[in-house]
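Heads up: the sequence shown runs through residues 19 to 329, numbered per our numbering.
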Amino acid sequence: MKPKNHARIRVILGVMAILCFYFSPELKAEKTFQILIVTSSNDEVYRETINGFKGQISASLKTKISELNIMQRPTWDNNVVEQLSPDVVFTLGIESLNWASQKSVQIPIVATMVLKEDTFKKAGNITGVSLSYSMQTQIHWLKKFFPQQSSVAILYNPAENAGTVKAAKEISQQEGLKLVAIPVETPKELPYALEQLSSNVELLLAIPDETVMSVNTAKEVLLASFRNKVPLIGLSDNWVKSGAFYALSWDYTDLGKQSALLAQKILNGASVSTVLPEHPRKVAYTVNAKIAEHMNIDVSNSALKNAKVVF
19 MKPKNHARIR VILGVMAILC FYFSPELKAE KTFQILIVTS SNDEVYRETI
69 NGFKGQISAS LKTKISELNI MQRPTWDNNV VEQLSPDVVF TLGIESLNWA
119 SQKSVQIPIV ATMVLKEDTF KKAGNITGVS LSYSMQTQIH WLKKFFPQQS
169 SVAILYNPAE NAGTVKAAKE ISQQEGLKLV AIPVETPKEL PYALEQLSSN
219 VELLLAIPDE TVMSVNTAKE VLLASFRNKV PLIGLSDNWV KSGAFYALSW
269 DYTDLGKQSA LLAQKILNGA SVSTVLPEHP RKVAYTVNAK IAEHMNIDVS
319 NSALKNAKVV F
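This is the structure in structure tokens:
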């Protein structure tokens, strides 16, 4: 073989070796993604959610995770996002989401621990997992607890929840339930609305509503439910502890994992607009056995055994 051919072959082999080295999955440097977790509380449920998020996302991606509690580090707030330049911000709670969304309209935000689905429509860079279950899921569980009941009431402010109630009517009809929608436009109208629980109402389903189901109205609603022996399906564990019969609850570790899966999609190249907000994928529930006894509600042993908490 001629010397020129030898030289040409050596050059070709050298180029091939360089290309193999560059494109080798084992040797190519893996990107480290910067993630900022923003919270407003150190409560146990927040830590469970954060740990679920960290465990899920660190299992599949190389990450550097920073945490910020906005209630503890106010002097660091102004420049922290700019300094860290995160690829994704993970927020827990409405205060943390509001804080993060004010800091940047470009960095993707994955939010959880917020009740209302409309929260994710605040800006184009926000997605996440809400605490609210779909109406389909709520009616499904209502039917599991009360297979014989034929009607359910919802108290709501039309300005806030007309769309939710419309969807509830359609789903209730499909499930063979009559939905009694009771509009309450102002807190002053609530006493009159609650009087209607004494007739033709078998169950009361609470939905997130700032006019009807708030800290200021909770006692009044719970008392009316108790007096009229109309079981209230509450909004949270605290509602059940205070006198609602049951409420759908959450597996907070799984909320974190589910949120991490959304973040992974974004970090792998998906735009936030294509990563749609989700309802919790794993359903838990709490039950108040004392209310069940007071209202003569038959609760199976298996339902009590599988409850997250029984009060």
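Even glycine gets a Cβ: it sits at the ideal position worked out from N, Cα and C.
Computed from a prediction, not measured in an experiment: that's the story for all the values here.
Per DSSP, which one or two residues make a beta bridge with residue i?
i, result
"GLU85", "ILE55"
"THR304", "ALA265, VAL327"
"TYR174", "PRO201"
"GLU296", "VAL147"
"SER260", "SER260 pairs with nothing; no bridge assigned."
Comparing C-alpha positions only, which one of the options sits nearest to residue i?
i, options, result
"LYS82", "LYS134, LEU54, SER216, THR67", "LEU54"
"SER320", "LYS162, LEU215, LEU102, ASP61", "LYS162"
"ALA310", "VAL327, LYS247, SER267, THR271", "LYS247"
"GLY73", "ALA281, GLY194, SER168, GLU228", "ALA281"
"VAL219", "LEU197, PRO226, VAL56", "LEU197"
"LEU160", "VAL327, HIS312, LYS308, THR304", "THR304"
"ALA325", "ALA265, GLY287, MET313", "ALA265"
"ALA18", "GLU213, VAL258, ARG245, GLU66", "Not covered by the structure: residue 18. The range shown for the chain is 19 to 329."
"ASP269", "TYR64, SER58, VAL56", "TYR64"
"GLU228", "PRO201, ARG245, PHE329, SER216", "PRO201"
"VAL56", "VAL230, SER216, ILE112", "ILE112"
"SER84", "PHE71, LEU195, ILE284", "PHE71"
"ASP272", "ASN116, ASP105, LEU149, GLN101", "LEU149"
"GLU48", "ASN286, LYS308, VAL328", "ASN286"
"MET231", "LEU208, THR50, PRO249", "LEU208"
Could you tell me if residue i is buried or exposed, where buried requires 16 or more neighbouring beta carbons within 10 angstroms of its beta carbon?
i, result
"VAL123", "exposed"
"MET89", "exposed"
"TYR210", "exposed"
"LYS275", "buried"
"LEU253", "buried"
"LEU322", "exposed"
"GLN16", "Outside the shown range of the chain, which is 19 to 329, sits residue 16, and nothing can be said about it."
"ALA278", "buried"
"THR292", "exposed"
"LEU241", "exposed"
"GLY261", "buried"
"ASN60", "exposed"
"LEU45", "Any reading at LEU45 is ruled out, since the residue's pLDDT is 42, under 50, leaving its predicted position unreliable."
"ASN179", "buried"
"GLN156", "buried"
"THR67", "buried"
"THR204", "exposed"
"SER114", "buried"
"PRO165", "exposed"
"GLY194", "exposed"
"GLY146", "buried"
In this structure, does DSSP put residue i in helix, strand or coil?
i, result
"ASN153", "Checking the sequence, you will find Met at residue 153 rather than Asn. The answer is helix: DSSP assigns MET153 an H, G or I state."
"PRO201", "strand"
"VAL196", "Residue identity check: residue 196 is Lys in the sequence provided, not Val. DSSP places LYS196 in strand when its eight states are reduced to three."
"ILE125", "coil"
"LEU110", "strand"
"ILE68", "helix"
"GLY146", "strand"
"ILE75", "helix"
"THR130", "strand"
"GLU311", "helix"
"ASP61", "coil"
"ASP227", "strand"
"LYS221", "At residue 221 the sequence reads Leu, which differs from the Lys that was named. Residue state, collapsed to three classes: coil."
"LEU250", "strand"
"SER320", "helix"
"SER10", "Since the displayed the chain opens at 19 and closes at 329, residue 10 lies outside it and no answer follows."
"SER277", "helix"
"SER169", "strand"
"SER243", "helix"
"SER190", "helix"
"PHE164", "coil"
"ASP255", "helix"
"ALA288", "coil"
"SER103", "coil"
"VAL233", "coil"
"GLN363", "It is not possible to answer for residue 363, since the shown part of the chain is limited to 19 through 329."
"GLU48", "coil"
"ALA211", "helix"
"LYS206", "helix"
"ASP141", "The question names Asp, yet the displayed sequence has Ala at residue 141. If DSSP states are grouped into helix, strand and coil, ALA141 belongs with coil."
"LYS80", "coil"
Contact criterion: CB-CB distance below 8 angstroms. Does residue i meet it with respect to chain D?
i, result
"ALA77", "No chain D is present in this structure, which holds just one protein chain."
For the segment 289 to 306 and the segment 172 to 179, state whether three or more C-beta atom pairs, one from each stretch, are separated by less than 8 angstroms. Inter-segment contact for the segment 289 to 306 and the segment 172 to 179 is absent: fewer than three beta-carbon pairs are separated by less than 8 angstroms.
Q.
Quick check: the segment 134 to 144 against the segment 186 to 194, are at least 3 beta-carbon pairs closer than 8 angstroms?
A. no
* **Stretch-stretch touch, CB-based, cutoff 8 angstroms, three pairs: the segment 233 to 248 with the segment 105 to 122** => no
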